[in-house]
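Engineer: First the structure, which I've put down as structure tokens, then a few questions once you've had a look.
Numbering (my numbering), first residue to last: 8 to 142.
Written out as structure tokens, the structure reads:
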């Protein structure tokens, strides 16, 4: 998962959560077995593989979109319009008049062959946490 490095923590968390839900729906095998506590209460399973959350600028996000699609990887896009409205019909209408190559991306999630995904994202830093530590 790669987020636009200019996003504040709240918008970054929102973009990551939305893309994670989409990935989970598209790839149900990513969700692990149920978790059980000491009372034998079952809790929903989590994804048992690591999901690095990386940072990139807007131009790099567009390159990742192009390269991911050209390599037949599963690409989930989160354009800026996704945080401009809570009306999904308006969101869809706003994107319908644009080519996906021109979307202003807040984030992108890429799933597929681990080696190809790692090669695409090599050199990207982890998304920064809040500045100033614990507050």
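Every residue, glycine too, gets a C-beta built ideally from N, C-alpha and C.
Mind checking residue 72: buried by the 16 CB within 10 Å criterion, or exposed?
Structural biologist: For this step, residue 72 is matched to residue 65 along the chain shown. Result: buried.
Engineer: So is residue 56 buried or exposed if we call it buried at 16+ other beta carbons inside 10 Å?
Structural biologist: Within the chain shown, residue 56 is the residue found at index 49, counting from 1. Label assigned to residue 56: exposed.
Engineer: Report yes if the CB atom of residue 21 is closer than 8 Å to the CB atom of residue 90, and no otherwise.
Structural biologist: Taking the first residue of the chain shown as 1, we reach residue 21 at position 14. Taking the first residue of the chain shown as 1, we reach residue 90 at position 83. Taking 8 Å as the Cβ cut-off, residue 21 and residue 90 qualify as a contacting pair.
Engineer: So if DSSP puts residue 117 in a beta bridge, which residue, or which two residues, is it bridged to?
Structural biologist: What you label residue 117 is simply residue 110 of the chain shown in a count that begins at 1. Bridge partners of residue 117: 82.
Engineer: Quick one: grab the DSSP three-state call for residue 23.
Structural biologist: Position 16 of the chain shown, counted from the first residue, corresponds to residue 23. Correct three-state label for residue 23: helix.
Engineer: Given a threshold of 16 other Cβ atoms within 10 Å of its Cβ, counted over all protein chains shown, does residue 31 qualify as buried or as exposed?
Structural biologist: Here the question's residue 31 lines up with position 24 in the chain shown. Here residue 31 is exposed. Its C-beta has fewer than 16 other C-beta atoms within 10 Å.
Engineer: According to DSSP, residue 30 sits in a beta bridge with which residue or residues?
Structural biologist: Locating residue 30 in the chain shown gives position 23, where the first residue counts as 1. Its beta-bridge partners do not exist; DSSP assigns none.
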